[in-house]
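A.B. asks: Here's a structure for you.
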Amino acid sequence: MTETTPIVTDRAAREYPDRPWVGVGVIIWRGDRVLLIRRGRPPRMGHWSLPGGAQSVGETVFETAVREALEETGLQVVPTEVVTVVDSITPDETGRVHYHYTIVEVAAECPEGEAVCADDALEAVWATVEEVGELTEWDQTQRVIRLSAERRQAR
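In structure tokens, the structure reads:
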């Protein structure tokens, strides 16, 4: 990413979009634990989720993963692979699309450092794959983490 690349800060543009937004979710591993954050903004505000956010123009998927991890948790991560892509479409009460993200899920390693919540994260926790099922509500988050764990074990 170049120094002149603007970062989109107008979050209102993401509501009732005229196109999907590209988001990057970061599956941050330390040993057998994955980092979950409690979301501080919609969609899914208050839910346990993966750190992540919108990709900026001129930024690669891995660059977005590194930036979002740092912004939300203060952690320096090393992306390792694209795990999968998830569609996140959230309708409002009338059925109109309120949010629409196409999320590229990226696995990353973070061997050290303490998560310090900022930006979109209210709190953070390192969880085992089993604990993820108890903490998270969105089945796609659980599926993505299990898939990433399986791929790590196969390596």
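If you read the sequence shown in my numbering, its first letter stands for residue 614, the second for the next number, and so on. Quick reminder that beta carbons are idealized off the backbone N, C-alpha and C, glycines included.
For the candidate residues Arg627, Thr693, Asp645 and Ser662, whose alpha-carbon lies nearest to that of glutamate 676?
C.D. replies: The residue with the shortest Cα to Cα distance from glutamate 676 is Thr693.
A.B. asks: Just mark arginine 768 as buried or exposed, buried being the case when its beta carbon has 16 or more other beta carbons within 10 Å.
C.D. replies: With fewer than 16 other Cβ atoms within 10 Å, it is exposed.
A.B. asks: Mapping DSSP to helix, strand and coil, what is valine 727?
C.D. replies: It should be pointed out that residue 727 corresponds to glutamate in this sequence rather than to valine. Coil at glutamate 727, not helix or strand.
A.B. asks: Counting beta carbon pairs with one atom in the region 634-646 and one in the region 675-690, are three or more of them shorter than 8 Å?
C.D. replies: Because the criterion of three Cβ pairs below 8 Å is met, the region 675-690 and the region 634-646 touch.
A.B. asks: If you follow the beta strand (DSSP E) that aspartate 700 is part of, which residue opens it and which one closes it?
C.D. replies: Looking at the DSSP string, the run of the beta strand (DSSP E) that includes aspartate 700 is 691-704.
A.B. asks: Using the three-state DSSP reduction, which class does valine 670 fall into: helix, strand or coil?
C.D. replies: Three-state DSSP puts valine 670 in coil, outside helix and strand.
A.B. asks: Measuring alpha carbon to alpha carbon, tell me which of Arg651, Arg756 and Ala734 ends up nearest glutamate 743.
C.D. replies: Checking every option, the nearest Cα to that of glutamate 743 belongs to Arg756.
A.B. asks: If you check the beta carbons only, do valine 635 and valine 710 fall under 9 Å apart?
C.D. replies: No. Outside cutoff.
A.B. asks: Would tryptophan 739 and arginine 657 qualify as a contact pair, given that the criterion is a beta-carbon distance under 9 Å?
C.D. replies: No, these two residues do not count as a Cβ contact at 9 Å.
A.B. asks: Considering only residues of the region 622-655, which uninterrupted beta strand (DSSP E) runs meet the minimum length of 3 residues and lie entirely inside it, listed in chain order?
C.D. replies: The qualifying runs are 634-643 and 646-652.
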